[in-house]
Each structure stands twice: as structure tokens, then as C-alpha cells.
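Novice:
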Amino acid sequence: MSTTLERPALSTPRKVSPSKDGRTLIRSQVRAGWALLAPALLHSAVFIVVPVIAVLVLSLTDYSFGDTWAWVGFGNYADLFRDVDFLASLWHTVLYAIVVIPISMAISLAVAVGLNQKIRGLSFFRTAFYIPTVTATVAVATIWLWIYNPGSGLANGFLSLFGFAPNRWLADPATALPSLMVVGIWQGLGTKVIIYLAALQGVSRDLLESADLDGASRWQRFANVTWPAIGPVQFFVLITSIVGTFQVFDLVYVMTQGGPGSETRVLVMDIYQNAFQDLKLGYASAETVIMMLVIAIFIAVGRLLQKADAND
Amino acid sequence: MRRGVGLTLLAAALSVVVSSCGNGVIDKSTDGVPPAEATGTLRVLIPSFPPSTKGRDAFQKVVDDFHKTYPKMKVEPDFATYKNLNEKLSTSIAAGIPYDVVVTGVGWVQPFASKRIFEDLGKYGVTPDVIKEKSTPALIPAVTYDKKLYAYPLVADARAVALRKSAFIEAGLDPSKPPTSLAEIKTAAEKLTKRDKNGNITRSGFDLASATGFRQSFTTFLASTGTPLYVGGEPNFDNKAGLDTLLWIKSMINNVQPYGQTNAAQQPLVLTGEAAMGIVNGGVDCSADGIGQKNCDDLEFFRFNSGKEIEYVGGDLASIGSRSRHKDAAWSFIQTLTTTASLDAIAKLNKKVPAYKDASNSPQAKSNPLSQFVADGLKYAVNENEVPSNWLEMRGNFDIQLTQAVLGQKDPAKVLHNLAGQSR
Chain A
12 MSTTLERPAL
22 STPRKVSPSK
32 DGRTLIRSQV
42 RAGWALLAPA
52 LLHSAVFIVV
62 PVIAVLVLSL
72 TDYSFGDTWA
82 WVGFGNYADL
92 FRDVDFLASL
102 WHTVLYAIVV
112 IPISMAISLA
122 VAVGLNQKIR
132 GLSFFRTAFY
142 IPTVTATVAV
152 ATIWLWIYNP
162 GSGLANGFLS
172 LFGFAPNRWL
182 ADPATALPSL
192 MVVGIWQGLG
202 TKVIIYLAAL
212 QGVSRDLLES
222 ADLDGASRWQ
232 RFANVTWPAI
242 GPVQFFVLIT
252 SIVGTFQVFD
262 LVYVMTQGGP
272 GSETRVLVMD
282 IYQNAFQDLK
292 LGYASAETVI
302 MMLVIAIFIA
312 VGRLLQKADA
322 ND
Chain B
-9 MRRGVGLTLL
1 AAALSVVVSS
11 CGNGVIDKST
21 DGVPPAEATG
31 TLRVLIPSFP
41 PSTKGRDAFQ
51 KVVDDFHKTY
61 PKMKVEPDFA
71 TYKNLNEKLS
81 TSIAAGIPYD
91 VVVTGVGWVQ
101 PFASKRIFED
111 LGKYGVTPDV
121 IKEKSTPALI
131 PAVTYDKKLY
141 AYPLVADARA
151 VALRKSAFIE
161 AGLDPSKPPT
171 SLAEIKTAAE
181 KLTKRDKNGN
191 ITRSGFDLAS
201 ATGFRQSFTT
211 FLASTGTPLY
221 VGGEPNFDNK
231 AGLDTLLWIK
241 SMINNVQPYG
251 QTNAAQQPLV
261 LTGEAAMGIV
271 NGGVDCSADG
281 IGQKNCDDLE
291 FFRFNSGKEI
301 EYVGGDLASI
311 GSRSRHKDAA
321 WSFIQTLTTT
331 ASLDAIAKLN
341 KKVPAYKDAS
351 NSPQAKSNPL
361 SQFVADGLKY
371 AVNENEVPSN
381 WLEMRGNFDI
391 QLTQAVLGQK
401 DPAKVLHNLA
411 GQSR
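Chains as they are written, first to last, in our numbering: chain A, 12 to 323; chain B, -9 to 414.
1) Please say whether P101 of chain B and S125 of chain B have beta carbons closer to each other than 8 Å?
2) Find out if the Cβ-Cβ distance for the pair A213 of chain B, I300 of chain B is shorter than 8 Å.
3) Does DSSP put L290 of chain A in a helix, in a strand, or in coil?
4) In whole angstroms, give me the CA-to-CA distance for V61 of chain B and I282 of chain A.
5) Quick check: F39 of chain B and A48 of chain B, are their CB atoms within less than 8 Å of each other?
6) Give the residues from the stretch 372 to 403 of chain B that approach chain A closer than 7 Å (Cβ to any Cβ), ordered along the chain.
7) For E180 of chain B, which three-state DSSP category applies?
8) In chain A, which residues lie with their C-beta within 8 Å of the C-beta of S80 of chain B?
9) Check whether the Cβ atoms of K298 of chain B and T215 of chain B lie closer than 8 Å to each other.
10) How close, in whole Å, do the beta carbons of T393 of chain B and G272 of chain A come, if the pair is a contact with beta carbons under 8 Å?
11) Rounded to the nearest angstrom, what separates D96 of chain A and N285 of chain A at their Cα positions?
12) Against chain A, which members of the stretch 93 to 124 of chain B pass a CB distance test of less than 7 Å?
13) Would a check of beta-carbon distances place V277 of chain A closer than 8 Å to chain B?
14) Can you name the residues of chain B whose CB is closer than 9 Å to the CB of G270 of chain A?
15) In whole angstroms, what separates the C-alpha of L181 of chain A from that of E274 of chain A?
16) Measure the alpha-carbon distance for W98 of chain B versus L133 of chain A and round it to whole angstroms.
17) Hey, does S273 of chain A have any beta-carbon neighbour from chain B nearer than 8 Å?
18) For a test of the three-state rule: what should DSSP assign to I300 of chain B, helix, strand or coil?
19) Any beta-carbon of chain A closer than 8 Å to the one on I83 of chain B?
20) Over the uninterrupted beta strand (DSSP E) stretch that includes R313 of chain B, give me the two end residues.
21) Just verifying my parser: in three-state terms, what is the DSSP assignment at R295 of chain B?
22) To the nearest angstrom, how far is the alpha carbon of R193 of chain B from that of M266 of chain A?
23) Given a cut-off of 8 Å on the beta-carbon distance, is the pair E376 of chain B and Y220 of chain B in contact?
24) Report the start-end ranges of each beta strand (DSSP E) in the stretch 34 to 74 of chain A that is 3 residues or longer and not cut off at the edges.
25) According to DSSP, is A265 of chain B helix, strand or coil?
26) Residues of chain A with a CB under 7 Å from the CB of N188 of chain B: which are they?
27) Kindly list, in the order they appear in chain B, the residues whose Cβ is closer than 7 Å to that of P50 of chain A.
28) Quick check on the burial criterion: 16 or more other C-beta atoms within 10 angstroms. Buried or exposed for R33 of chain B?
29) Tell me which same chain residues have a C-beta within less than 7 Å of the C-beta of G14 of chain B, skipping the five on either side of it?
30) Do three or more CB pairs link the stretch 150 to 168 of chain B to the stretch 275 to 283 of chain B at distances below 8 Å?
31) So what does DSSP say about Y207 of chain A, is it helix, strand or coil?
32) Just confirm the distance between the C-beta atoms of T330 of chain B and Y346 of chain B, as a whole number of angstroms; I'd bet it's less than 8 Å.
33) Among B:K105, B:L237, B:F291 and B:Y135, whose alpha-carbon lies nearest the alpha-carbon of K404 of chain B?
34) Run through the DSSP bridge pairs and tell me what D103 of chain B is partnered with.
35) How long is the line joining the alpha carbons of V312 of chain A and G199 of chain A, rounded to whole angstroms?
36) Determine, for P184 of chain A, whether the minimum Cβ-Cβ distance to residues of chain B falls below 8 Å.
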């Protein structure tokens, strides 16, 4: 037997003009709100708004730390689209994001589902998956440098057990970027797993039990109950992953310096090179603006996909 | 009204924060003030002293000497590396706290002088004749921009070639007749290269010392044919000599040495026995703490000569920041840095040759056979020569594009043509 609960009819709210005391209360609440927001606003203004404005202005100049500079309009932007290093960096970054984001999200979700079961050694596994996230990237990169060492590295040692010839990994143009992607996927797992795990534990038990009672298979239960329930978290993970992968730098800086040639040169590496090695700050600022736009486009696409998914 | 007051307060708070970030530590100028009365902080950016206890102690001795003239000036060192030198310089300029003394290397002076970041040392009496008389004449092009001198040499970073006598004898070659031309080196290197049964190189025949890029090795090999990389700021490599040199490098990589080969200690591979022959830096430690006397005795040193005998020479070069407010004190500090005792200390710490007149008789040259060899060979010095003002940008371009040519990703002739077009 099933019971249908009817939603109680809501009465139309009447417009009530607040009393003098009420107005005073609202004003004091507004003031308190602004006071609480002030530190964050000040921080955002100093460390986000001012730098963004500075970057926008600098991108229209040829400033290079010298005594003189000139307005160049959109000259830097025009030059960028003729710059093979920039175009290569943009392509490598997009490729890195397209490969790393879905794979790391899928693996993280699978791991989180596994860790959400009642298995032995749960705490150990949770800690083990989170360790790469709290380890400094330089340390992570150094360990992976050894793993990828063509002469004495673990990767070639492991492959040799199956009779494979040694690979030059980071020194080979064909395998350098994929090798970095593997490290990026591995390093990013911990944070995503924790977020997914929290989301999975928030999925309504009632709904899951109802699905069980209706005879749903494990997959149907996941697809029709769990997946929709963790939708907002998926979007959050997607956005943070897009921002994180587009800002990849330290891993590349330590492991390959963008080489061999420019095979692993990514956007932030190119910006760093132009700004702090070549001292072309105006040019690097234009590159930064383009990076912000590309990230915005990716986030917008992610948002559209999430909306489409929610409407299905 | 209230909103207006709030916004004004926010703007005031912001301006306080921004201004305190930017200009808080600017000293009053001490130029023209008697040295004994001058006060302030002299900021020194210097990669010549490692930030170890030994390095700091050696630097402190320089500071103590400087304080004999400027007793009230505080000295604030920044022990940078060549890798982060530009970051330090650019961020200091952006922050409005420029360095007073800046030590850079070959290839840095022209770009910074063209941006008016370095001071012309002519006003302190530094002329080419002074450097010829007291320092290393080979470094005059490296400190000159627009016919003015912007730096004073501290040490010369010279490179030679070394071979393993035992490897030569094993391969049926005569170690007393080292191969010096590019063609001879290739023939010998192919005989010296050892491989495993799968064809993988287990000992390189020749170490090109180009793990991260081929800029310096290309410059060196090209110069050995009598062709400097740049002449008067104009490219001199987009020609037959340049192309032959690049094709030679291409024929060596993955033939006598795997691309990207390096060791954990970042030591020249011939010193560790991982290569039978190769480029070496300007010093070797033959003691038990270093590679040991037996290994040292197995080494023979020589120079490239494909028509011109050459030795690649870089160096540490001291300049005064043009925005310094203590230029007189900065010059006094450079004078203290360039005393014989200071230069000997810097040379020892870095295994480089002191940039004074009689470097062959310096304690560093006497301390090991390699330093003696490169010190004696300073008269054969070459480097990138008179680089264009966008050299800082070109350094990276050379490293990337030469690698792409060597690895077969780009046509070598087009790469050289492209690099010549980018030099300006």
C-alpha cells in the first residue's frame, strides 16, 4: 500500500511593511553582513581585482622591466597567434586537460565508490589515496623522475619483467606529455576521492533502499539514484579540475622544463618563461588574459553539459 | 552618503596596502656622501657564492673588507642561482626595490644594458684597456654594449674536452693524439661507444653536455670552425658552417650518446666513466672526496679545433644596477669583490678560473690539472660573442628549436633561418 502525501497549499504572502524596530534590525543585519564580508572583500580586491586590472592594462603595453614602455594596443594578442611556442603551449594544455580531467574524475569516482563500501583497512586506503595530494609537488616530481629514469627507473624495470624494451619516457617527444599526464592523474586523485566520498555518503539511504525494494540492479541503482544525487559535486570537481589542470606548472617545471623541445610546454610555463626569463611582461600578460578566457570557455562548456545532464 | 564614506575608507585602506607593498624599503641616496658616513642597505644579487656555510663565510669576508670603507652600510646578499637570476631581477624591479650590485653571466649584460637596468661603468674608470691590463680580455665582448662597458669580470667559466685514456687504448685509439675536429671526434666516438645486446648505449662515445639544450654546445662547435655565433649583434649561423654543425650534432645524438643523458650528480659524464670522451667544466677534484687520483690520471684534456683552436668561456660578471641609490658604494663593493683574495675564493667555490691577469698561476689553477689546462687556454676563449639585445629570449629559442632539429621534428636549415630572423 502506498500513501500519497499532498503538499499543503501555500498562502500568497502579504506585503507587510516592516515596523521601525524591524527596519533597524534589518539595517544592523546588513551592516553586520558587510562587516563580516569586509576582510574577504579586501583580500579579493588586493589579490584578485587589482592584479586582474593590472594584467589587462599591461597586456596592452610592451613593458619589459626597462625604463621605457609604450602602448601597443592589441599588438601582443596579434603576435601571440603567430607565436608557435604559445600555440604549442595552448594545445598541450588543452590536451592535458582533456585527457587528465575525465580520466582522473572517473578513477576517483570508482575509488570513492570502493572506499564507500564496508571493506577491511578502509582508513589505510583513504589515507593512501590522499597522501599524494598533501605531498609537495617537487617531491612527487622528483620521485617520478626516478621512476621514469631510462637507465635505472622503476617504470623500465617493471616493463622489462614482461620483455618490453626500455622507454626513454620524458626524453622521448612521443611519450613525454603522456608521462606527465600519468603523474597529473595520480597526484589529483586524493582530493577528488575525498569530495566524491563525502558526496556518496550524503546520498539518501531511503532512495537507495527504495531502489533495492523495486528490484534495481547495482548499476541501475548507481545510474538512477547515486549519479543524479552527486550531480552538483560532479560540477564542483569538474570546475576545480579545469582550473587545476590549466594551471599545471610545478610538475612540468621540475620534470621536463617544457622539453624535449617544446613537447611538454604548457601555458603557465610559457607565461613564466615570457615574463620572468625573457622579461616580456606585457606579452606574458596578454597570454594570461587568453588563458583566463580559455578557462572561462571550458567552465561554460562544463556548465552546459551539467545542465543537459540534470535535464535528462 | 554612508556608502560613499565606506567606499572612501576602503579605497584608503587599499592604497595603504598597495603603497606599503611597493615602496617601503627605499633608502635615501648615499651617492656623494663620504663613505664613512653613508648609511643604508646595499642589496647584492650574486650567484657566485653558494648558500652553504662555506659560501656564506667567504661572502662575509668580502663584506668585512667592504665595511673598512663603508662601515655603516648594511649588505644584504641574495645568493641566487643562474636559473632564478632573471626572476629575482624582474621581481625586484617590479617591486620597486632594485638590486645595487648584480652578478650575471655571459649573455646577460647586453639585454639589461639595452633596457638601461645596468649602469655604464665608464664613469668609474672601467675601460677595455683596464680589463686587458687587470682582468680577462676574452670577456671584454661579454661586458660591452654599444661600445660601453657595463660589467667587471669576476671569474671565467671555461670548458675543455676530456678523454679516458683507458677507453681509447681499449678501442685501439691513441690517447696521445686526441681527435680535435668534428669529423675526427665523430669517428672516434663511434668506436668508443659501447652497447648492450639490444643495441642500447651503455657507455657514450662522446658527451655533448647538452642534457637540457644544445645552445652552448652548438656555439662551441660552430666557433671551432672559425665561425662566431654573432658578430656585432648580427646572427652569423644561418650559413653552411651553421648547418654543418647542427647536422653534426644531429648525427651524434642517439648514435654515440642518448638524448637527454645526465647523471644524478650533474657531473660531466666523462669524469664518472659514463662517457669515454666529452665536454668538461673548468675544474676537477682529484682527491678521495672527488673522483680520486686514479680516475684523474686516466684523463687527458684537449680543445676543439675544426680550423680554429677554441675554448668556450663563460663567466661571472659584476654590474651596478642603474636604479641603485648607492652607486658609489656598489662600485666600492665590486672593487672589494675583485681583489685577488676574493676572486681566488670565488674560483675555488665554483671550480672556475679567477678573472685576473695571471690566472695560470692562481691557486685554483695549481690545484688540479683541468683548471690549469683551461687557465692556460684562456687565450683561445670564445662564447656567444656580441649577442643581440633580445638574447634573453633567444637563449630559450635556441634551446627549444635546436632540440627540435636534432630530434628530427623540424628541418635544421629552417630552424637556423628562423633563429636568425628572431635575433634582433
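Backbone N, C-alpha and C define an ideal beta-carbon position, used for all residues, glycine too.
Specialist: In terms of the structure at hand:
1) Taking 8 Å as the Cβ cut-off, S125 of chain B and P101 of chain B do not qualify as a contacting pair.
2) Contact flag set, yes.
3) Of the three classes helix, strand and coil, the one that applies to L290 of chain A here is coil, per DSSP.
4) In the sequence as presented, Val is not what sits at residue 61 of chain B; that position holds Pro. Take the alpha-carbon of P61 of chain B and the one of I282 of chain A: they are about 43 Å apart.
5) Cβ distance < 8 Å, so F39 of chain B and A48 of chain B count as in contact.
6) From the stretch 372 to 403 of chain B, only L382, E383, G386, I390, T393, Q394, L397 and Q399 have a Cβ closer than 7 Å to chain A.
7) Residue state, collapsed to three classes: helix.
8) Ordered by position in chain A, the residues that pass the 8 Å Cβ test against S80 of chain B are F76, A286, F287, L290 and L292.
9) Yes; because the gap between Cβ atoms is below 8 Å, this pair is in contact.
10) Here T393 of chain B really is in contact with G272 of chain A; their C-beta atoms are around 4 Å apart, less than 8 Å.
11) Note on geometry: alpha-carbon atoms of D96 of chain A and N285 of chain A lie some 10 Å from one another.
12) Cβ contacts with chain A: K105, R106 and I107.
13) Closer than 8 Å: no.
14) Simply T202, G203, G250, D389, I390 and T393.
15) Taken atom to atom, the span from the alpha-carbon of L181 of chain A to that of E274 of chain A is near 10 Å.
16) Answer to the nearest angstrom: the Cα atoms are 56 Å apart.
17) Closer than 8 Å: yes.
18) Here I300 of chain B sits in strand by DSSP.
19) Yes, its Cβ sits closer than 8 Å to a Cβ of chain A.
20) No beta strand (DSSP E) contains R313 of chain B, which DSSP labels as neither H nor E.
21) The identity of residue 295 of chain B in the sequence shown is Asn, whereas the question assumes Arg. Strand.
22) Here the alpha carbon of R193 of chain B sits roughly 24 Å from the alpha carbon of M266 of chain A.
23) By the CB criterion at 8 Å, E376 of chain B and Y220 of chain B fall inside the cutoff.
24) Fully enclosed beta strand (DSSP E) runs of 3 or longer: not present.
25) It is a strand residue.
26) N188 of chain B reaches chain A at A176, counting residues in chain order whose Cβ is nearer than 7 Å.
27) What P50 of chain A touches in chain B: nothing, since even the nearest Cβ is about 11 Å away.
28) Answer is buried; the Cβ neighbour count reaches 16.
29) Since pLDDT at G14 of chain B reaches only 46, below the 50 mark, its modelled position is unreliable, and no value is offered.
30) With fewer than three CB-CB distances shorter than 8 Å, the stretch 150 to 168 of chain B does not count as touching the stretch 275 to 283 of chain B.
31) Of the three classes helix, strand and coil, the one that applies to Y207 of chain A here is helix, per DSSP.
32) With a Cβ gap of about 6 Å, T330 of chain B and Y346 of chain B count as contacting.
33) Taking only the C-alpha atoms, the option nearest K404 of chain B is B:L237.
34) Correcting the residue identity first, residue 103 of chain B is Ala in this sequence and not Asp. Its beta-bridge partners do not exist; DSSP assigns none.
35) Their Cα atoms are separated by approximately 21 Å.
36) Answer yes: the Cβ-Cβ gap between P184 of chain A and chain B drops below 8 Å somewhere.
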